[in-house]
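Participant:
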Amino acid sequence: MLSFFSQVGLKFTRLLYRRIILVLTLLCLMAVGGSIWNMSRLTSNLIKSQALQNAKLYANTLTESRTLYSSEVVSRVQKDNRIKVSHDYLIHPGAIPLPATFLIELGEQIGAMKPGISVRLYSDYPFPWRKETGGARDDFEREALIFLKQNPNDTFFRFEQFDGLSTFRYAQADILKPSCIACHNSYPGTPKTDWKVGDVRGILEITQPLDNINRQVHVGLRGTSLMLTGLSILAISALTLVIGRLRQTSEELEQRVFERTTELRRANIEILNEQKKSEDLLLSILPQSIADRLKKGEVNIADCFAEATILFADIVGFTTLSREVKPEKMVRILNDIFSDFDQLCDRYKLEKIKTIGDAYMVVGGLPNPRKDHAAAIAEMALDMLDDLHQFNAKNDVKLEIRIGINSGPVIAGVIGTKKFIYDLWGDAVNTASRMEYHGIPGEIQLTETTFDYLQKEFLFVERGLIEIKGKGKMRTYLLKGRRLKSIKYQT
């Protein structure tokens, strides 16, 4: 029996050798078919995955834009009774749209720029002027409302035929945030007045047509199948030709590998460039050492520094100037001044903490401790006065700056999960702020603690004992200049 199977196997092997071209042809056809099927499956999955990612990106961008508009624009202009915030802002001169109206019109602009893409905002409780368009209009939207009201942190999406087209429809809950509650509960005509933070106000839907993408994919697959079939024919033919033909085919394949490798290298360079942009953005918010610790996975970053010097500065007269000039010019002036201050931070290797309105805060001695923290802050403070004087002369304005400085122990750390901020806490920080608040326009006021650090290197005038809010009477000094400019700070 064993001999019989051996003979059958031998005969079958000889048959294969005599029909090698036929066997290779069949194998190649099977491989081509399998490859095309697999590519079709992978491409379909990729289209779905990309559609979902694009929809999430659009939705998150729209909601973040609306949130930023609400918190940074609407909340500010509402303090000015001359500016009205309304859904029908077009008929009111100088009015601006409600955040929801802003979101709807932004979606319409995206739809105009990206043909086929549509953005809808709908709810169970549309405002009266949106009753015809602001409610659910089909089964998908009704199901999305039901599901997302029960699961506000999830998403709801479906691939379906919509308006006769193959379409990806994506919906996510529009959750009320603190900046939106007052408006939605009190705006004239609101259909509901008991909204709370975290309620699902409505649904944001992104609709993307997939017909064009599918058509392009099918064209690409057709071309790929033809290419694979052609390559198979060439490969089979090559087996019947001379070695030179095989060498030529090998060279063609090497060229293709080279091109693909070049494309991959180019793609890797683009990825590295994007990573660098992300790194630069992070470093514009946090110090290098703090950013490195965050990237290593540290969650709660808080450090104590026994010695640091804090500077607070406030531009005197800026509020008055803001009433006399246009907002664009006001922002440009403030940006120019603070950009000069940022350059001084870099020059003296100090850490800018934040700006609030027309106030500027900087610290020396952290996150990397240094012995000359007070001297570096003093140098910067004097240069800030000089820079503002030059700015006034150049721009024909009369701005003054009030600067307060104090030295002492502080706690520094990172707060926030989405928008990080590196901030300081401690009595020394509060005292520095008081030095600025009780200071004199055009002068640099500092505490006796900082004076002890600097009295040998700088010139002072004793201001005497002054009443400091929350501190009582404190002896303070006015920094007037340098005894001898330190060589290491010259540029």
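Using UniProt numbering, read the sequence shown as starting at 1 and increasing by one per residue.
All C-beta atoms in this analysis are idealised placements derived from N, C-alpha and C, irrespective of residue type, glycine included.
1. To the nearest angstrom, how far is the alpha carbon of residue 30 from that of residue 226?
2. If the criterion is Cβ atoms closer than 9 Å, does the pair residue 479 and residue 444 meet it?
3. Look up residue 195 in the DSSP assignment and say whether it is helix, strand or coil.
4. Which residue comes first and which comes last in the beta strand (DSSP E) that contains residue 468?
5. Using only alpha-carbon positions, find the residue among 457, 123, 136, 176 that is nearest to residue 71.
6. So does the segment 388-407 actually touch the segment 331-340, counting three or more Cβ pairs closer than 8 Å?
7. Counting only runs that start and end within the UniProt domain "Guanylate cyclase" (309-436), where is the beta strand (DSSP E) found for 3 or more residues in a row?
8. Using the DSSP secondary-structure output, state which residues sit across from residue 492 in a beta bridge.
9. Which residues in the same chain have their Cβ closer than 6 Å to the Cβ of residue 252, if we skip the five residues on either side of it in sequence?
10. Cβ atoms of residue 450 and residue 359: under 9 Å apart, would you say?
11. Can you tell me whether residue 425 is buried or exposed, with buried defined as 16 or more other CB within 10 angstroms of its CB?
12. Rounding to the nearest angstrom, what Cα-Cα distance links residue 386 and residue 76 in this structure?
13. Alpha carbon to alpha carbon, what distance is there between residue 356 and residue 483?
14. Comparing C-alpha positions only, which one of 88, 106, 116 sits nearest to residue 67?
15. Please return the same chain residues whose Cβ sits closer than 8 Å to the Cβ of residue 117, not counting the five positions on each side in sequence.
16. Which residue wins for smallest C-alpha separation from residue 54, given the options 119, 187, 325?
17. Hey, would you say residue 306 sits closer than 9 Å to residue 409, going by beta carbons?
18. I'd like to check one pair, residue 362 with residue 311: are the Cβ atoms closer than 9 Å?
19. Taking the continuous beta strand (DSSP E) assigned at residue 475, which residues delimit it?
20. Inspect the beta-carbon positions of residue 153 and residue 171 and report whether they are closer than 9 Å.
21. Short check: CB of residue 349 to CB of residue 374, under 9 Å?
22. Going by the CB atoms, is the gap between residue 468 and residue 442 shorter than 9 Å?
23. Please confirm whether residue 147 and residue 156 have their CB atoms less than 9 Å apart.
24. May I ask you to report which of helix, strand or coil DSSP gives residue 126?
25. Quick one, are the C-beta atoms of residue 127 and residue 178 less than 9 Å apart?
26. Quick one: what's got a C-beta closer than 6 Å to residue 474's C-beta in the same chain, skipping five residues either side?
27. Look up residue 447 in the DSSP assignment and give the residues it is bridged to.
28. Are there 16 or more other CB atoms within 10 angstroms of the CB of residue 481, so buried, or fewer, so exposed?
29. Buried or exposed: which applies to residue 184, given that a residue is buried once 16 or more other Cβ atoms fall within 10 Å of its Cβ?
30. Measure how close the beta-carbons of residue 165 and residue 194 come, nearest whole angstrom, since I'm counting them as under 8 Å.
31. Any idea which residues DSSP pairs residue 36 with across the strands?
32. Could you round the C-beta distance between residue 470 and residue 399 to whole angstroms and report it? I think they count as a contact, below 8 Å.
33. Grab the span of the alpha helix (DSSP H) containing residue 132 for me, first residue to last.
34. Are the Cβ atoms of residue 140 and residue 48 separated by less than 9 Å?
35. To the nearest whole angstrom, what separates the beta carbons of residue 432 and residue 384, a pair I think is in contact under 8 Å?
36. Distance, Cα to Cα, residue 255 vs residue 248?
Facilitator: Straight from the coordinates:
1. 14 Å
2. yes
3. coil
4. 458-468
5. 176
6. yes
7. 351-356, 359-364, 400-415, 421-425
8. Residue 492 is absent from the model: the chain starts at 1 and stops at 491.
9. none
10. no
11. exposed
12. 32 Å
13. 33 Å
14. 106
15. 58, 110, 111, 206, 207, 208, 209
16. 119
17. yes
18. yes
19. 472-482
20. no
21. no
22. no
23. yes
24. coil
25. no
26. 468
27. 476
28. exposed
29. buried
30. Wrong, their Cβ atoms sit about 40 Å apart, outside the cutoff.
31. Paired residue(s): none; residue 36 is not in a bridge.
32. Contact doesn't hold; Cβ gap of about 28 Å is too wide.
33. Note, residue 132: premise wrong, no alpha helix (DSSP H); not H, not E.
34. no
35. Rounded, the Cβ-Cβ distance is 15 Å, inconsistent with contact.
36. 11 Å
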